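Protein sequence lines, in the order shown, are assigned to chains A and B.
Each residue of the first sequence is one higher than the last, beginning at 1 in full-length UniProt numbering.
Each residue of the second sequence is one higher than the last, beginning at 1 in full-length UniProt numbering.
Heads up, the thing below is written out as structure tokens.
Protein chains: 2
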Amino acid sequence: MKEAVKNRINITDKFWGRYLDIVSEQVIPYQWDALNDRLPNTSPSHAIENLKIAAGEAEGEFYGMVFQDSDVAKWLEAVAYSLEHKSDPELEKNADEVIDLLGRAQAEDGYLNTYYQVKEPGKRWTNVRDNHELYCAGHLIEAAVAYYHSTGKRKFLDIMIKYADHINDVFGNGENKIQGYPGHQEIELALIRLYEVTGDEKYLNLSKYFIDERGKQPHFFDTEKKKRNDSEPFWFHNDYAYHQAHKPVREQEEAVGHAVRATYMYSAMADLAARTGDESLVEATKKLWENVTQKQMYITGGIGSMAFGEAFSFDYDLPNDLSYTETCATIALAFWAKRMLNLEINSNYADILETALYNGSISGMNLDGKKFFYVNPLEVSPQTCEVRKDHEHVKPVRQPWFGCACCPPNIARLIASVGHYIYSQKEKNLFVHLYIGNETSFDIQGTQVQITQKTNYPWDGDVAIEVSPETEHTFTLAFRIPGWANRAIVKVNGEAIDHLPLTKNGYVYLDRTWAANDVVELSFPMEVERIQANPQVRNNVGKVALRRGPIVYCLEEVDNGPNLPGIILPRNAELHAKYEKDLLGGVVVVTGEAQRIEEENWENALYRPVEDKTKPIQMTAIPYYAWCNRKPGEMLVWMNESLN
Amino acid sequence: MKEAVKNRINITDKFWGRYLDIVSEQVIPYQWDALNDRLPNTSPSHAIENLKIAAGEAEGEFYGMVFQDSDVAKWLEAVAYSLEHKSDPELEKNADEVIDLLGRAQAEDGYLNTYYQVKEPGKRWTNVRDNHELYCAGHLIEAAVAYYHSTGKRKFLDIMIKYADHINDVFGNGENKIQGYPGHQEIELALIRLYEVTGDEKYLNLSKYFIDERGKQPHFFDTEKKKRNDSEPFWFHNDYAYHQAHKPVREQEEAVGHAVRATYMYSAMADLAARTGDESLVEATKKLWENVTQKQMYITGGIGSMAFGEAFSFDYDLPNDLSYTETCATIALAFWAKRMLNLEINSNYADILETALYNGSISGMNLDGKKFFYVNPLEVSPQTCEVRKDHEHVKPVRQPWFGCACCPPNIARLIASVGHYIYSQKEKNLFVHLYIGNETSFDIQGTQVQITQKTNYPWDGDVAIEVSPETEHTFTLAFRIPGWANRAIVKVNGEAIDHLPLTKNGYVYLDRTWAANDVVELSFPMEVERIQANPQVRNNVGKVALRRGPIVYCLEEVDNGPNLPGIILPRNAELHAKYEKDLLGGVVVVTGEAQRIEEENWENALYRPVEDKTKPIQMTAIPYYAWCNRKPGEMLVWMNESLN
């Protein structure tokens with residue numbers, strides 16, 4: 001067993017510190033109320049009640065999604081990370097009580113799933129394709145591992161070890177075992193975390209089994225279906241591509257189907273590839289990464305452009321207004337990116353991680369932590385969402401809770417664990433992937449090294465990293481040059497160095513003997529960039545998006561008036577970035593003189609010969625993640641552009 | 001009773017002549033096979049079989065849509081018009097046999113609807129909201145009137161008079177009558193045609209009753225629903241706006257709901273307004289006309305931008321790729337426009353009529369008359385239609401037939417009756433609305449006047465109208481100056497006249513004494529116009545459509561390669577129009593040098609800072625109506641534009 005608490009990290013960052021505070025002060029208590037059905041005017045969760053019923057401590061019926069347990073798991077995981085950030089005895093007591101309840105609800109043999117225990121006893125594992133038992137188990141395992149790391153308490157971990165052992169008895173090769181795998185991936189990556197903390201290879205092997213078995217013929221979903229006398233064609237075009245089970249994972253070259261399922265699986269593939277060195281898996285994982293990030297990803301890190309199936313569609317199909325881009329999918333992209341960095345150090349992975357963190361994931365939550373988007377499109381016209389059924393999945397304002405409440409606790413656990421994304425360590429290399437103010441320490445080949453990052457990121461690109469080994473020590477500090485940074489300046493103890501010869505795959509490798517209070521200063525000048533999309537993205541030809549550092553910008557009606565597509569940004573318009581401390585929790589806004597097509601002189605014409613009547617307007621763009629925190633209205637990322 | 005055959009018209013036009021030939025030689029026989037279930041690999045119609053079963057001459061069950069009878073009706077109506085164009089004894093014999101069959105299927109009391117007669121006897125008129133009895137009756141009445149005008153035979157008319165009388169007994173104010181109206185409007189305009197041919201005011205009054213009663217409280221659909229113990233909320237947002245029955249018609253200011261239902265009703269409103277002079281109805285009809293044509297109409301004359309409910313959505317919501325724009329809806333727009341011209345002479349109505357005729361209606365049929373579009377979007381990417389459920393209503397190629405086969409016979413009857421749209425007459429005014437080669441004659445205040453139009457329209461705008469009264473006669477020839485014609489030249493017997501002082505609401509009123517072989521020559525120079533959309537149309541900012549005369553152009557992949565949005569048309573690019581006799585049955589193509597964003601140098605980037613890399617390409621645009629008659633692929637009407 002690994003020690004419970006490894007390198008603690010203290011987030012001192014203004015940007016993420018605020019988010020962490022909101023998660024611990026607002027989101028976690030709010031979601032606790034939600035799980036206990038104490039929120040007015042929202043879909044009830046019933047998740048805690050289901051556990052009580054399963055434990056025999058309450059009467060009643062199971063209520064909620066078949067995966068309702070996972071909301072409890074994700075909440076516990078968020079609590080675990082939050083407790084790393086700030087101790088909170090009362091919260092920890094709550095969590096301990098939930099864990100005790102989980103223990104009491106657990107069946108003798110280790111099984112733990114309130115849907116089947118309460119609603120369909122005797123039917124366990126009969127519909128692994130649809131009914132999320134392994135998915136819920138995965139989330140509970142992740143939470144248990146996190147709680148152990150955070151608190152050092154083993155109880156939850158032991159509960160989940162017992163369950164995992166049971167699952168290991170039920171699934172796998174061998175007589176009387178189910179040769180199958182989950183319809184919603186998640187347990188694969190959870191089992192690797194369980195392996196990491198326990199060192200027990202059977203969990204690694206079971207994860208590997210689930211991945212290797214997937215998509216083989218004869219098809220498990222067919223066999224399982226037949227066994228339960230189900231003759232219905234599967235609702236998603238009768239195609240197991242929805243579950244990424246249409247063919248073995250090593251033969252998959254394009255991301256297809258449900259985006260969260262897919263990306264959880266790709267994360268597990270990256271984990272397994274990094275741990276096993278399996279070349280065919282490495283190759284498949286990289287191919288899928290390239291497909292997603294080079295052909296199916298929005299500029300915000302949003303993925304999954306179709307509402308039907310919450311799914312990937314096809315290369316370059318990235319409509320701005322119809323997109324699904326589920327909050328959970330962008331979160332999953334961050335999970336995946338982090339794991340790709342374990343597989344291979346390349347700034348491309350960290351760039352995407354950064355994009356996902358600062359844009360399409362946190363856009364899923366109001367700045368006050370009280371409301372959530374499930375769907376994060378890049379263009380919203382409220383009237384369109386209200387009237388058009390093809391846009392009904394797009395809510396023009398964040399919602400207090402959801403019947404399918406996967407996103408709110410997922411964003412909570414991501415934010416609460418943001419400290420886990422900043423560094424990674426491999427032998428004598430300490431990698432800095434993200435620039436987030438924090439204090440932490442690492443054991444580098446036996447020497448304790450204190451690391452302190454100071455930065456005002458993402459609003460400016462100056463970063464100071466203080467490196468203080470307890471005694472002088474030679475090792476490599478490898479830090480990322482962000483893809484957007486064109487003229488990076490690197491100084492060591494005040495002296496500029498030429499970092500280009502030290503750079504490999506976007507990381508600068510500073511191999512030197514470090515002494516106490518050494519300081520590396522990085523300067524990544526942030527300019528407002530006009531970004532264009534690959535011309536194969538049908539909807540974005542003639543349009544630009546604004547980006548500054550890692551932040552993608554958008555226009556909102558509240559700043560720019562209605563009909564945002566009527567605004568045209570001239571290529572030569574000067575753009576100004578200015579920090580507004582009182583706006584949206586403190587953001588850099590981008591302003592400039594744009595043109596607006598005159599609507600006044602159209603009278604009653606719907607079509608007419610071309611005529612150029614525009615008028616100058618002052619345009620204001622705000623960070624995408626912060627949209628819809630003032631007066632609701634239209635929003636637009638990709639702006640029309642003119643070349644003069 | 002009016003005389004059966006009024007002014008015959010002989011279409012000598014090359015453009016419409018070809019279409020008329022195709023309708024009589026191809027479409028009508030093809031649809032006859034369809035109605036008789038003799039088409040391979042298509043949804044069976046069963047429409048004739050249903051009639052035989054109703055007549056007791058065949059065994060079996062009713063099959064098809066609840067409005068399957070209307071396909072027979074529309075076919076008969078098309079046959080009627082086609083027989084005006086070209087006699088065809090065999091076809092007429094077929095039609096007579098169908099009419100005999102209708103007579104034998106008709107119930108004792110006049111009722112005639114195979115769905116209820118065969119499938120739900122005893123349930124007549126229990127669900128007038130959904131089950132299309134009055135709709136089918138309307139189509140049969142229209143067909144009967146047309147057949148009487150065309151052939152002089154009364155049998156069909158008598159059958160329908162009997163049915164109409166029965167309907168008049170069933171519906172209306174008065175005890176034991178149903179105080180209701182149809183869920184799908186159509187009978188309203190049909191009854192006016194029946195009134196016109198019979199002179200019997202009860203039909204006019206019944207039509208007026210249906211229109212006036214609509215949308216009143218307590219709501220007929222609620223009452224009717226209660227009576228049949230139906231407690232289901234209505235599927236379209238539980239809102240009778242779907243049927244334009246959400247409020248009385250005079251209070252309706254915006255087009256809402258199912259576009260064909262709406263436009264058939266607006267047509268009837270225009271008819272009634274013209275005949276009754278009812279000011280409130282005139283005003284409501286004009287308001288709705290303005291709303292549709294100034295805020296909810298595509299440049300092709302397509303209307304109804306939503307697949308859900310085949311419906312109007314809201315002002316300026318005109319997405320190019322998601323649009324429904326049903327063929328029948330554009331046909332209905334032509335019906336309505338024609339009736340607006342009866343209400344008031346204004347070239348605006350005829351311009352829209354012309355737009356609908358030359359673009360969004362005939363686009364519904366392949367040039368060979370063998371395949372049909374139900375949905376006519378302005379931008380098609382086949383892969384999008386295949387993969388994305390939100391686009392599944394869009395078929396990237398025309399289909400041989402449909403389970404709901406309303407469009408094919410509707411386009412047939414429109415084309416076959418195109419001669420009815422060219423002129424109208426009011427007292428001593430003879431109005432020329434459309435420029436289509438033809439020979440016909442009118443009785444103008446007792447003098448027979450021969451009219452011959454010669455033109456190569458729509459490919460050039462030169463028109464010669466020969467006016468030959470049997471004896472010298474003073475009357476007014478009033479002809480339209482098309483809205484697109486900027487520099488019209490008008491000559492009378494070779495001499496140019498200043499037509500501006502003679503122009504009112506877009507029509508030139510030539511009031512003179514006409515003698516044999518007088519010739520009016522019109523010249524409307526056709527230039528390729530770059531059209532832009534009102535900037536409130538979100539999707540079209542920065543885009544242009546090409547139009548020449550009445551013809552809207554599009555780009556096709558077969559001419560321009562894939563990824564059509566990657567083509568950018570510079571504002572200053574010269575555009576050339578050239579007649580290609582061997583292309584697509586003979587069309588003017590528009591060519592010019594455009595720019596294409598380079599796709600080659602993007603390598604694997606999905607997003608990058610702006611950089612202008614375009615290459616010149618030769619662009620070819622073809623008439624929209626003719627798209628998808630060669631190799632299937634992408635299509636695009638609204639092109640990206642650059643200002644230099």
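Idealized CB from N, CA, C, for every residue including glycine.
Because the structure is a prediction, the values reported are computed rather than measured.
Between which residues of its own chain and residue i is the CB-CB distance below 7 angstroms, once the five residues before and five after are set aside?
i	result
residue 398 (chain B)	366, 371, 372, 373, 628
residue 24 (chain A)	82, 85, 86, 88
residue 320 (chain B)	377, 378, 379, 539, 637, 638
Excluding five sequence neighbours on each side, which residues of the same chain lie with their C-beta closer than 6 angstroms to the C-beta of residue i?
i	result
residue 465 (chain B)	453, 520
residue 645 (chain B)	Given a span of 1 to 644 for chain B in the structure shown, any question on residue 645 (chain B) remains unanswerable.
residue 437 (chain B)	12, 13, 453, 454, 455
residue 118 (chain A)	53, 54, 62
residue 349 (chain A)	337, 340, 341
residue 468 (chain B)	450, 516, 517
Taking 8 angstroms as the limit between beta carbons, can you name the residues of its chain near residue i, skipping five residues before and five after?
i	result
residue 401 (chain A)	34, 39, 42, 43, 45, 372, 408
residue 123 (chain B)	116
Pull up the DSSP beta-bridge partners for residue i, would you.
i	result
residue 489 (chain B)	B:523
residue 119 (chain A)	Residue 119 (chain A) is not bridged to any residue.
residue 592 (chain A)	A:575, A:619
residue 639 (chain B)	B:544
residue 531 (chain B)	A:609, B:545
List the endpoints of the continuous beta strand (DSSP E) containing residue i.
i	result
residue 556 (chain A)	551-556
residue 424 (chain A)	423-426
residue 12 (chain A)	Looking at the DSSP string, residue 12 (chain A) is not in any beta strand (DSSP E), and its letter there is neither H nor E.
residue 442 (chain B)	438-444
Between which two residues does the alpha helix (DSSP H) containing residue i stretch?
i	result
residue 270 (chain A)	259-276
residue 125 (chain B)	Unbroken run through residue 125 (chain B): none, as it is neither H nor E.
residue 362 (chain A)	First-last for residue 362 (chain A): undefined, no H or E at that position.
residue 28 (chain A)	28-35
residue 249 (chain B)	No alpha helix (DSSP H) contains residue 249 (chain B), which DSSP labels as neither H nor E.
Taking 7 angstroms as the line, does the beta carbon of residue i fall inside it for any heavy atom of the ligand GDP?
i	result
residue 275 (chain B)	As for the ligand GDP, it is missing from this structure, which has no ligand bound.
How about the stretch 262-276 of chain A and the stretch 188-197 of chain A: do they share at least three Cβ pairs that are nearer than 8 angstroms?
-> yes
Under 7 angstroms (Cβ pairs) to chain B, residues found in the stretch 519-545 of chain A | 529, 530, 531, 532, 533, 534, 535, 536, 538, 541, 542, 544
Three or more beta-carbon pairs under 8 angstroms between the stretch 252-267 of chain B and the stretch 174-191 of chain B, yes or no?
-> yes
Compile a chain-ordered list of the residues in the stretch 378-394 of chain A whose CB is closer than 8 angstroms to at least one CB of chain B.
-> 381, 383, 384, 387, 388, 389, 390
Give the residues from the stretch 629-641 of chain A that approach chain B closer than 8 angstroms (Cβ to any Cβ), ordered along the chain.
-> 640, 641
Take every Cβ of the stretch 325-339 of chain A, pair it with every Cβ of the stretch 386-395 of chain A, and state whether three or more of those distances are shorter than 8 angstroms.
-> no
Counting Cβ pairs closer than 8 angstroms, one from the stretch 133-147 of chain A and one from the stretch 157-176 of chain A, do we hit at least three?
-> yes
Anything in the stretch 295-306 of chain B with a Cβ closer than 7 angstroms to a Cβ of chain A? List those residues in chain order, please.
-> 295, 297, 299, 306
Cβ contact check for the stretch 64-76 of chain A and the stretch 422-430 of chain A: 3 or more pairs under 8 angstroms = no
Give, in chain order, every residue of the stretch 603-614 of chain B whose Cβ lies closer than 8 angstroms to some Cβ of chain A.
-> 604, 605, 606, 607, 608, 609, 610, 611, 612
Segment contact, 8 angstroms Cβ cut-off, at least three pairs: the stretch 523-531 of chain A with the stretch 600-613 of chain A | no
Take every Cβ of the stretch 472-487 of chain A, pair it with every Cβ of the stretch 309-325 of chain A, and state whether three or more of those distances are shorter than 8 angstroms.
-> no
Does the stretch 502-514 of chain A come within contact of the stretch 341-359 of chain A, defined as at least 3 CB pairs closer than 8 angstroms?
-> yes
Scan the stretch 204-215 of chain B for residues whose Cβ lies nearer than 9 angstroms to a Cβ of chain A and list them as they occur along the chain.
-> none
Decide if the stretch 487-497 of chain A is in contact with the stretch 552-560 of chain A; the criterion is three or more beta carbon pairs, one per stretch, under 8 angstroms apart.
-> no
Pairing CB atoms from the stretch 292-307 of chain A with CB atoms from the stretch 356-365 of chain A, are three or more of them under 8 angstroms?
-> yes
Contact set between the stretch 48-73 of chain A and chain B, restricted to residues whose Cβ is under 7 angstroms from the partner = none
When Cβ atoms are compared, which residues of the stretch 568-597 of chain B fall closer than 9 angstroms to chain A?
-> 568, 571, 596, 597
With a cut-off of 8 angstroms, do at least 3 Cβ pairs link the stretch 546-554 of chain A to the stretch 565-574 of chain B?
-> no
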